[in-house]
Every structure is written in C-alpha cells, then in structure tokens.
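By the count of full-length UniProt numbering, the sequence shown reaches residue 682 at its end, each step adding exactly one. We put the CB at the ideal spot given by N, CA and C, even for glycine. These numbers come from a predicted model, not from an experiment. The next block holds one structure in the form of structure tokens; read it before the comments.
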Amino acid sequence: MRPSLSVTQIVGASLVANQFANALLPRTKIDDAYDFVIVGGGQAGLVLGARLSEDKNHTVLVLESGENGDDYRKRIDTPAYSYFDSLWTTPLNWDFYTVAQPNAGDRMINWPRGKVLGGSSAINGLYMTRPGEDEINAWKDMLGDMDGADNWSWDSFFAAMKKSESFTPPVDDVIDEAGIVWNASNHGTNGPIHTSYPDYTFPEVGDWLTSLLAMEIDISANMYGGENLGADVSTSCINPSNWTRSYSRSGYLDPLADRGNYDVLANAHVTRLVFDNSTSSGKKTAGAVEYTTDSGSTKLKVKVNKEVILAGGTIGSPAVLLHSGVGPKDVLSDAGVDLVSELPGVGQHLQDHFSATVKWSTNVDTAGSIFYNNGKDKNDSKFLTYIDSAVAYVNTTDMYGSKVDEYESKFLASIDQYAPNTTYHDGVLAGYKAICDTTSKIFETPTGQIELLFMNSDANGDIGITAALQHPFSHGRIYINSSNPMDFPVIDPNYLGNPADAEILLAGIKLARQLGQTSPMSKVLTKETTPGSSVQSDDDWIEWLRKSAGTEFHPSSSCAMLPEEQGGVVDANLLVYGLSNVRVADASVIPIALSTHLMSSTYGVAEQASDIIREYYNLPTKPESAFNGSTSTPSSTAATAKKSGTAKSNGSPAGHGGAAFSPAWTSLLVSVHAVVGYGLYL
C-alpha cells in the first residue's frame with residue numbers, strides 16, 4: 001500500500017487541508033507486462049487509461065512522450081493564459097511545422113500540439129463545441145454494414161460526448177452581458193470534464209449575437225444537441241468551482257485512487273510496436289511496445305498481454321504505425337523501415353480546418369488591451385477566467401443563397417480533377433472520393449460549412465473575426481522520411497490543393513468582414529487593419545488568403561475509420577486492419593472533417609472506444625467507478641504481482657487537481673478532486 005498524501009487545496013482564496021489515501025503516484029518504474037498498453041496519455045489516452053482501469057481484473061499502462069507539466073501548472077490552469085502566457089513557447093508544445101504549401105504561399109505553417117500529460121487539451125483555447133447530427137450520421141453511413149457501425153451513429157456518439165461532461169450554466173452577470181442561451185438537456189451532468197463559461201465577459205460578446213441576428217443568422221439554443229448552425233457563445237472547459245482549465249489530466253487522471261492496476265509513465269517516447277508471428281488468420285500480433293526515456297539512446301520494452309491502443313493523435317498515431325512497419329510500402333521503403341503489414345491508408349486522408357482573420361482597431365477595452373496595457377482588471381481573478389468563445393456556424397444557404405446547387409455541382413466536379421496524385425494506392429483514391437462525396441452531401445444539410453469566431457485578445461488591442469473552413473476538399477497526409485523514430489514525421493495538409501476550398505473560405509471571409517460592418521458590432525470597430533480596405537475583389541481576397549491563412553488546430557482523419565478498400569486504417573471497432581490486437585482511438589480515426597473544435601469529439605471517441613474494448617473482453621457491465629476514490633485491490637495475476645516497496649515515485653511535486661504540490665505553488669488554483677499522474681499528447 002502506497003503512503004497517503006497531504007494535500008493543500010486552494011479553492012478561490014480559501015486554503016483547505018485534505019488527506020487522500022492510496023493516491024495514484026507518478027512512476028519511474030513499471031512492470032514487465034500489462035494487459036493494455038496505451039500509447040499516448042494526452043486527451044484520448046487518459047480517458048482510455050481511466051476507463052479501462054475501472055475493471056480490476058486487468059492491468060493498464062499509459063506511456064507518455066512528454067513531461068508531466070507540473071512546472072507549468074499555473075499557466076495550464078489559468079484560462080486567460082492560453083492567450084497571454086501561451087504554453088506554445090514551452091517544451092509542452094511539439095512545435096511541428098508543415099512542409100512548404102505550394103497553394104498557400106509556399107509557407108511552412110506551424111502546427112502546435114501538446115507534448116504533456118493531457119496533451120493538446122492542456123495547451124489549447126478551451127473551446128468545447130460539438131459536431132452536428134447530420135455529419136456524425138454521415139460518418140456512420142460511410143461504414144456501410146460493417147460490424148460495430150452503430151457505435152458511430154449520432155445517438156451513440158451524442159451519449160458518449162455527454163458521458164465525459166459536467167455542465168454548469170453561466171453566472172447571472174455573464175448571461176446578462178453576453179446574452180448567452182443554452183439547453184441544459186443537451187449536456188452531461190456527471191462526467192469528468194467540466195464545461196461552463198468564463199466569470200468575465202465584454203459587451204461586444206452580446207453585440208456579436210445581435211449583429212449576427214441582423215444578418216439573419218439566428219442564435220442557437222440547440223447547438224449542443226446536433227443542430228450545428230447559428231450563433232452561440234460556446235461552452236469552455238472551465239471548472240467553475242475554482243475557475244481553472246478542466247482537461248484530460250484534471251478530469252481523468254488526477255481524481256484517481258491507486259488500485260494497483262494502472263500505471264502512467266512520463267517522458268517515455270514510443271518508438272515502435274514489436275510484432276510476434278502471425279495468427280492463423282494471417283494477422284500480426286503486437287507482443288511488446290518499444291520505448292525510450294533518453295531520446296533514443298536506450299530502447300526498452302514492455303510486454304502486451306492483450307492489446308495496444310494508439311492514442312497519439314492525428315500526427316502521433318500514424319507515425320507509430322509507420323515506424324512499426326505498418327503502412328504504405330513505398331513510404332516505408334523510402335524511409336528505410338522494414339515492411340511488416342502493408343496498409344496503404346496509414347497517414348492518408350489528412351484533413352484540417354484552414355482559417356484567416358479580419359481585424360479592426362476599436363474604441364473600447366478588449367481583453368488584449370487590458371492585459372498588455374496594464375488595465376485595471378489585468379490581475380483580477382475574474383478577468384483571468386476570460387477566453388474568447390463567441391462563435392457562429394454558417395451553412396451554404398447563408399453563404400450562397402439560391403446558388404447552393406450551382407456551387408455544389410462545381411465542387412463535386414472538382415473531386416476527380418484535384419484528387420491526390422496517382423502514386424497513391426487505388427484504395428486511397430477511392431477513399432478520397434468517398435469522403436469528398438460525403439462532404440458534398442453535407443452541403444445539402446443545415447450543418448455549418450464555415451465557422452466564425454470572435455477574437456478579443458489580440459496583443460495590440462484589435463478585435464478580430466475569424467472565418468474557418470470546416471469541410472475541406474483538399475486532403476493531405478502524414479508520413480515519415482527517416483527510420484529514426486525520434487525524427488518528426490512529415491506533415492503535408494495540402495492546403496487549398498483543391499480550389500473549391502479557396503472559394504468556400506472566400507465566402508466565409510467575406511461574411512467575417514460583413515459582420516464587422518454590421519451594427520451594433522460596427523459601432524465599436526473604428527478601422528479595418530487586416531487585410532485593410534485595399535483588398536476588395538475576389539482575386540485580392542484569395543491572394544491574401546494564400547499568404548495569411550493558417551491552421552485552426554483541428555487535424556483529423558490520418559488513421560481513418562473506413563473500409564480497407566477505401567484506404568481505411570481501422571474498422572468500426574477501431575481495430576487496425578491486418579493486426580490482431582492493435583486499435584487506434586483518437587481524432588485520427590474520424591473519417592471526415594467535422595464542423596466543430598475537436599475536443600468534445602475526441603472525448604467521445606475515447607469514451608466510445610473504452611466501452612467497445614470492455615465489452616469485447618466481457619467485463620462487468622457495472623464496474624466500480626474509477627472516480628469514486630476506491631482503493632480496492634485488483635484481482636488479476638499481473639496486478640497482484642506488483643512488488644511491495646518498489647520505488648514508484650520520482651519525487652516530483654504532484655501538481656494540481658487536489659494533488660500534492662510544492663510550496664512554490666501556493667498561488668495555484670486547483671480542482672476539487674485529488675491525486676496525480678503522467679501522460680502524452682493528443
């Protein structure tokens with residue numbers, strides 16, 4: 001039995017002492033084998049670890065490539081610091097870049113991703129939007145009669161997203177000033193992730209909604225119930241009990257008591273999966289996971305009794321498969337990696353939201369001017385909860401009016417003309433066309449095609465309105481060009497490779513300018529500073545977009561859930577084709593770009609994956625919850641074989657979330673729950 005922790009918990013300004021017995025402590029040593037080895041302890045990986053470890057007859061290990069993040073907890077936890085003290089400048093960011101994009105000014109575009117326990121959910125902008133019912137059902141329809149397809153219907157996926165959530169309505173002052181509406185029945189109430197609204201807002205957030213109404217874009221109270229259309233103030237991942245970021249670590253790891261069957265190891269970069277001989281069906285079986293804790297100088301292995309689950313995200317998961325010899329044979333050959341199992345779709349079908357921002361100077365205080373000009377509220381605890389969260393999803397009717405059918409036909413015709421190059425496998429081409437055909441059908445639904453976002457935190461005090469393409473017709477890929485797993489994979493999103501995307505984003509950016517010119521928003525915007533009045537014609541706009549647009553940080557689909565003959569990587573039960581015991585469970589499996597920020601969807605994928613895996617192994621239908629503080633001892637042989645007295649702690653401060661932390665953290669707001677751990681990235 002591991003020792004109790006003495007925990008100082010700060011809730012608001014109060015100091016409360018609590019004792020937490022048998023906490024899940026950080027690890028420096030792990031066992032030789034586990035039933036489930038999860039590659040990645042980011043957003044999805046920590047969900048999987050928590051849920052699978054609820055069953056006491058199995059052992060679970062999460063391997064984390066990045067650090068634990070304890071040295072940066074105040075910056076992680078304070079919502080406004082996602083703008084004003086960004087973690088993108090720290091080792092908690094992978095700081096990836098794309099290859100030069102020929103249709104976007106030959107620029108190499110930055111792709112920040114979280115390299116820390118909790119992954120990108122620890123460093124992002126906290127938006128907790130949801131996809132639309134039509135596009136989720138379109139995903140399910142792409143699977144045909146595949147076993148398990150019903151797991152990805154709207155009803156199933158909606159329940160999985162709600163399972164992750166504990167919703168709290170906004171405070172009265174914020175409701176009045178921002179004009180927020182919501183439907184509580186669309187939200188979860190008992191999940192590990194808190195969703196709410198900041199404790200501080202601006203009149204311009206209310207103006208946002210009123211101006212959109214003037215443009216005949218209605219305010220939506222049902223955006224979280226599958227109607228992804230209209231104007232809204234998004235929920236954010238904020239715990240209103242202490243106004244801290246609620247993310248994968250604080251929700252799915254920090255509250256866990258140590259039952260002895262779950263370990264999480266930080267700074268453990270997975271280099272490859274090690275395969276045994278093929279099964280009778282010809283499928284390869286992963287017998288071990290190889291990893292390094294010293295940047296590749298030494299390779300270590302942990303044995304796998306049952307399954308490996310990849311949760312490294314849209315970049316990390318395909319990279320691990322490729323370095324393991326699973327993927328397109330030409331990519332593996334060029335990189336010098338031996339082919340283990342040919343699977344052409346690995347890394348293919350990559351999709352991302354491409355976005356640009358129109359900016360104006362203003363005659364009112366903004367979050368940016370308050371912070372950077374030392375305004376009176378700069379250090380106010382309420383102000384530090386503020387994040388931009390006003391959004392709108394605009395569909396093709398709002399964009400094109402009576403010409404929707406004309407534009408849809410034009411974009412459909414572009415699919416064959418701008419398909420990925422012919423060196424790709426025929427199945428990948430078939431998958432590209434299937435995804436684009438589905439994308440075009442979503443054009444016929446009310447689902448938003450462009451997202452508009454209100455940006456109030458610019459460093460020079462400007463106000464911005466962002467337009468972001470939600471369903472790109474341009475697909476890229478993730479691949480490797482080296483056999484060294486410590487080298488970054490190659491990221492090529494192929495932005496604007498299909499001209500249809502430039503036309504759709506053009507319509508969106510024009511709406512952004514129109515919104516800024518619509519009262520009451522226009523009353524506080526004094527001059528357009530970017531791109532400025534010189535950009536007027538369609539050609540001017542598109543030239544500017546090629547030079548200025550960038551990622552909205554929502555990459556998906558590089559291990560797409562599709563039939564294998566369409567370049568699919570996983571089936572509807574998340575099993576990798578050609579492998580007997582390897583699954584992928586993160587945003588990389590979603591086969592189409594969704595009209596939403598990806599956090600809620602990723603939690604949904606991970607929750608659904610956990611249920612699929614547990615049902616497969618015939619585990620109890622009502623296991624003891626991992627979040628109830630139980631200290632029961634697991635019954636499996638592997639779990640009970642843990643050595644008494646083995647050193648499991650590295651001596652680091654445990655961090656926040658009710659966990660132990662050093663005196664230097666006495667200014668840190670922490671969550672209501674207890675405990676500790678480590679993880680990887682989204």
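- Beta-carbon proximity of Met-486 to Thr-293, cut-off 9 Å: no
- Cα-Cα separation, Ser-389 to Leu-229: 15 Å
- Task: Check whether the stretch 259–274 touches the stretch 62–71, counting contact only when three or more Cβ pairs, one atom from each stretch, lie closer than 8 Å.
- Result: yes
- Task: Would you kindly report the start and end of the unbroken alpha helix (DSSP H) that includes Met-399?
- Result: Element bounds for Met-399: 396–400.
- Message: Just verifying my parser: in three-state terms, what is the DSSP assignment at Thr-230?
- Response: According to the sequence provided, residue 230 is Gly. The question's Thr does not apply to it. Three-state DSSP puts Gly-230 in a strand.
- Query: Looking at the unbroken alpha helix (DSSP H) that takes in Lys-74, where does it start and where does it end?
  - Reply: Unbroken alpha helix (DSSP H) run through Lys-74: 73–77.
- Task: Determine the DSSP secondary structure at Lys-301, reduced to helix, strand or coil.
- Result: strand
- Residue range of the beta strand (DSSP E) that Asp-35 falls in? 33–39
- Task: Answer yes or no: do Lys-433 and Ile-415 have a C-beta to C-beta separation smaller than 9 Å?
- Result: yes
- Do the CB positions of Pro-344 and Thr-397 come within less than 9 Å of each other? no
- Looking at the structure shown, is Lys-359 part of a helix, part of a strand, or coil, going by DSSP? strand
- Item | Within 9 Å, strictly: CB atoms of Ala-609 and Ile-309 | For the 9 Å CB-CB criterion, Ala-609 and Ile-309 form a contact.
- Would you call Lys-376 buried or exposed, if buried means 16 or more other Cβ atoms sit within 10 Å of its Cβ? exposed
- Return the Cβ separation of Ala-606 and Val-60 in integer angstroms, given the expectation that the two are a contact with Cβ distance under 8 Å. Between Val-60 and Ala-606 the Cβ distance is about 13 Å, and since that is not below 8 Å, they are no contact.
- For Ser-278 and Trp-208, the rounded distance between their alpha carbons: 59 Å
- Near Gly-148, which residues of its chain fall below 6 Å by C-beta distance, leaving aside the five closest residues on each side in sequence? Ala-572 and Asn-573
- Message: On a Cα-Cα basis, can you pick out the residue from Gly-260, Cys-237 and Ser-241 that is closest to Arg-249?
- Response: Of Gly-260, Cys-237 and Ser-241, the residue nearest in Cα terms is Cys-237.
- Indicate whether Ser-120 and Gln-43 have their beta-carbon atoms separated by less than 9 Å. yes
- Item | Which listed residue (Pro-489, Leu-143, Tyr-252 and Asn-374) has its alpha carbon closest to that of Gly-461 | Nearest of Pro-489, Leu-143, Tyr-252 and Asn-374 to Gly-461, Cα basis: Asn-374.
- Output the distance between the C-alpha atoms of His-425 and Ile-76, rounded to the nearest integer angstrom. 42 Å
- Item | Sequence-distant residues of the same chain with beta carbon closer than 6 Å to Val-582, five excluded per side | Ala-286, Val-308 and Val-576
- Message: Please report the distance separating the alpha-carbon of Thr-602 from that of Pro-489.
- Response: So the two alpha carbons sit approximately 22 Å from each other.
- Can you list, in chain order, the residues of its chain whose CB lies under 8 Å from that of Ser-185, leaving out five sequence neighbours each side? Gly-225
- Note down, in chain order, each residue of its chain lying with its Cβ closer than 7 Å to the Cβ of Gly-327, except the 5 sequence neighbours on either side. Shown here for Gly-327: same chain residues with a beta carbon closer than 7 Å to its own, the five before and five after excluded, namely Leu-321, Leu-343, Val-346 and Gly-347 in chain order.
- Along the chain, where does the beta strand (DSSP E) that runs through Val-490 open and close? 490–492
- Message: What would DSSP say about Lys-510, mapped onto helix, strand or coil?
- Response: helix
- Query: Of the residues Leu-300, Ala-231 and Arg-130, which one's Cα is nearest the Cα of Phe-158?
  - Reply: From the listed residues Leu-300, Ala-231 and Arg-130, the smallest Cα separation to Phe-158 is found for Arg-130.
- Task: Check the DSSP bridge columns for Ser-196 and list the partner residues they point to.
- Result: Ser-236
- At least 3 beta-carbon pairs within less than 8 Å: the stretch 201–215 vs the stretch 171–183: Using a Cβ-Cβ distance cut-off of 8 Å, the stretch 201–215 and the stretch 171–183 are in contact, since at least three pairs of beta carbons, one from each stretch, lie closer than that value.
- Query: Does DSSP put Ile-504 in a helix, a strand or coil?
  - Reply: helix
- Can you find a C-beta in chain C that's less than 9 Å from the C-beta of Asp-199? The structure shown contains no chain C, having only a single protein chain.
- Item | Thr-89 burial status per 10 Å Cβ neighbour count (16 or more: buried) | exposed
- Use the C-beta contact count for Tyr-495: other C-beta atoms within 10 angstroms, 16 or more gives buried, fewer gives exposed. buried
- Query: Which class does Leu-574 belong to by DSSP, given the choice of helix, strand or coil?
  - Reply: coil
- When the Cβ atoms of the stretch 362–369 are set against those of the stretch 551–564, are three or more pairs found closer than 8 Å? no
- Item | Cβ shell of Ser-196 (< 6 Å), same chain only, five flanking positions each side left out | Thr-168, Ile-238 and Pro-240
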